Amino acid sequence: MDTLIFSQSAIFRLQQLGSHYYHYSGVRHKLATPEGILDLLKAAALAQDANVRESYDAFVMELNKRQIESLSERGVTLRVPLHFSRNGAIRKAS
10 MDTLIFSQSA
20 IFRLQQLGSH
30 YYHYSGVRHK
40 LATPEGILDL
50 LKAAALAQDA
60 NVRESYDAFV
70 MELNKRQIES
80 LSERGVTLRV
90 PLHFSRNGAI
100 RKAS
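For my numbering, count along the sequence shown from 1 and bump the result up by 9.
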């Protein structure tokens, strides 16, 4: 399996997601491995917790088309971001 490559901001969002998911479920994912990242994304897409959903949406908004396709090839179906959080709209950088 080749390496997953993310931007610095996407890595930050992924770390936030991992932390929020751990506090929500008690399950820790090893973000140093592709398998850990994939497992976290699959589990977080189904989570009902507001903090997890917010962090998940923020991470997905950081991805480009190539990264989304790469995750899809690995069996990760990304949930479409809700575009709104408790603190207001999540905006795409222009």
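Each residue gets a CB set at the ideal place from its N, CA and C atoms; glycine is no exception. For clarity, every value in this text was computed on a predicted model and none was experimentally measured.
Check: residue i C-beta below 7 Å from any heavy atom of the ligand ADP
| i | result |
| --- | --- |
| Y33 | By its list of ligands, the structure shown contains no ligand whatsoever, and the ligand ADP lies outside what it can speak to. |
Residue from the options with nearest C-alpha to residue i
| i | options | result |
| --- | --- | --- |
| E44 | Y30, G84, P90 | G84 |
| P90 | L80, S81, F68 | F68 |
| D66 | S16, E82, L23 | L23 |
| T86 | V61, A59, L47, D58 | L47 |
| F21 | S81, M70, D58 | M70 |
| H32 | T42, L80, V61 | V61 |
| S34 | F15, L40, D58 | D58 |
Residue i classed as buried or exposed, judged by whether at least 16 other C-beta atoms fall within 10 angstroms
| i | result |
| --- | --- |
| H29 | buried |
| A19 | buried |
| R100 | Note that R100 has pLDDT 48, beneath the 50 cutoff, so the model's placement of it is unreliable and no number is given. |
| H38 | buried |
Residue i and residue j closer than 8 Å at C-beta
| i | j | result |
| --- | --- | --- |
| K27 | L13 | A quick correction: the sequence has Gly, not Lys, at residue 27. Contact: no. |
For residue j and residue i, believed in contact at Cβ under 8 Å, the rounded distance
| i | j | result |
| --- | --- | --- |
| Q25 | S64 | 5 Å |
Requested in this report: Could you tell me whether the stretch 73-80 touches the stretch 53-64, using the rule of 3 or more Cβ pairs below 8 Å?
Outcome: With the rule of 3 Cβ pairs closer than 8 Å, the stretch 73-80 does not count as touching the stretch 53-64.
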